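Everything on this sheet refers to the single structure shown next.
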Amino acid sequence: MERSAIPVDKLILLSIVKQVPGIRRSRLRDAALATLSMDYFTFARALDELSSSKLIHVAVRKNEAAHDAGDRAVERCDLTESGLAVLGPLEEQIPLPTRRFLAAYLDEGEMDRRLADLVTASVEASLNGDYRLTLRMNEEGGDGMTLSLLFPTEKLARKAAAAWRERSDRILFSLMDSLLSEEDEKRPG
């Protein structure tokens with residue numbers, strides 16, 4: 528791929544991945560489509576070509592904790608050294624309004640991205656036929672909270688996993704409130 532012949536849609540993808548290393552493939556798609564510079568098919572073709580050219584690396588990371596709604600480990604995108612070398616001199620070819628939009632869009636979504644990576648839920652079949660749901664809320668600097676629950680059916684475990692991903696803050700608050708309630712301390716035992 529010649530450096531001077533890279534279409535703007537590919538430069539936009541390279542720029543997004545540069546700004547957000549390890550971005551989920553789905554979030555890369557959302558950011559790319561939000562620029563209104565490409566449609567889904569253009570995005571998919573451009574990402575495939577960038578990946579084939581080894582300018583962007585797309586893969587599921589080993590021991591990936593984050594899962595999508597289908598409970599599959601998410602794919603992440605990283606800029607390769609070649610991708611960085613190609614983007615460097617060509618980044619200015621991305622229209623200024625698009626660069627400004629992306630800077631604001633990616634900055635606004637940073638908290639959501641961090642939260643999505645910090646809050647995870649996984650479902651696995653246990654040896655006794657139940658389904659183990661493991662809920663995690665990690666802190667940016669290290670460990671956080673892990674809670675493991677057994678459910679009699681996979682459907683119930685997946686429903687609880689989806690609830691955790693959507694409302695982990697409220698669920699954790701309710702759990703902590705129940706665990707630390709002073710009402711229990713006042714009851715005669």
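In my numbering, the protein residues as written are 528 to 716. In this text, a Cβ means the ideal position worked out from N, Cα and C, and glycines have one as well. In this text the structure is predicted, and so the values were computed from the model without any measurement.
Item                                                                                                                                                                                  : Value
Taking only runs that begin and end inside the region 604-688, name each unbroken alpha helix (DSSP H) of 4 or more residues, in chain order.                                         : 608-617, 623-635 and 637-645
Using 10 angstroms around the beta-carbon of Y567, count the other beta-carbons present and answer buried if the total reaches 16, otherwise exposed.                                 : exposed
Taking Cβ to Cβ, would you say P548 is nearer than 8 Å to L606?                                                                                                                       : yes
Would you give the residue range spanned by the alpha helix (DSSP H) that A586 belongs to?                                                                                            : Run containing A586: none in the alpha helix (DSSP H); it sits in the beta strand (DSSP E), I583 to V587.
Could you give the DSSP three-state label for R551: helix, strand or coil?                                                                                                            : strand
Nearest to K686 by alpha carbon, out of I583, S701 and L662?                                                                                                                          : L662
Give every residue of the same chain whose Cβ lies closer than 6 Å to the Cβ of V673, excluding the five residues on either side of it in the sequence, and list them in chain order. : Looking at the sequence itself, residue 673 is Thr, so the reference to Val does not match. Excluding positions up to five away in sequence, the list reads R663.
On a Cα-Cα basis, can you pick out the residue from E681, L645 and P679 that is closest to R694?                                                                                      : L645
If you check the beta carbons only, do V585 and E602 fall under 8 Å apart?                                                                                                            : yes
Which same chain residues end up closer than 8 Å to F628 when comparing Cβ atoms and leaving out the 5 residues on each side of it in sequence?                                       : A561 and T562
Along the chain, where does the alpha helix (DSSP H) containing E576 start, and where does it finish?                                                                                 : Y567 to S579
Quick one: what does DSSP say A600 is sitting in, helix, strand or coil?                                                                                                              : strand
Going by Cα to Cα distance, which pick from I583, L702, A600 and K581 is closest to N590?                                                                                             : A600
So what does DSSP say about L541, is it helix, strand or coil?                                                                                                                        : helix
Contact defined as beta carbons within less than 8 Å: I believe I543 pairs with L633. What is the distance between those atoms, to the nearest angstrom?                              : 7 Å
Using only the alpha-carbon positions, how far apart do E529 and T569 sit?                                                                                                            : Only weak support exists for where E529 lies, its pLDDT of 46 falling under 50; the coordinates are left without a value.
Enumerate in chain order the residues of its own chain whose CB-to-CB distance from D657 is below 7 Å, with the five nearest sequence positions on each side excluded.                : L677, F678 and P679
Here's a check: name, in chain order, each residue in its chain whose Cβ is nearer than 7 Å to the Cβ of R588, leaving out the five neighbours to either side.                        : R603
Applying the 10 Å Cβ sphere with the 16-neighbour rule, what's the burial state of L577?                                                                                              : buried
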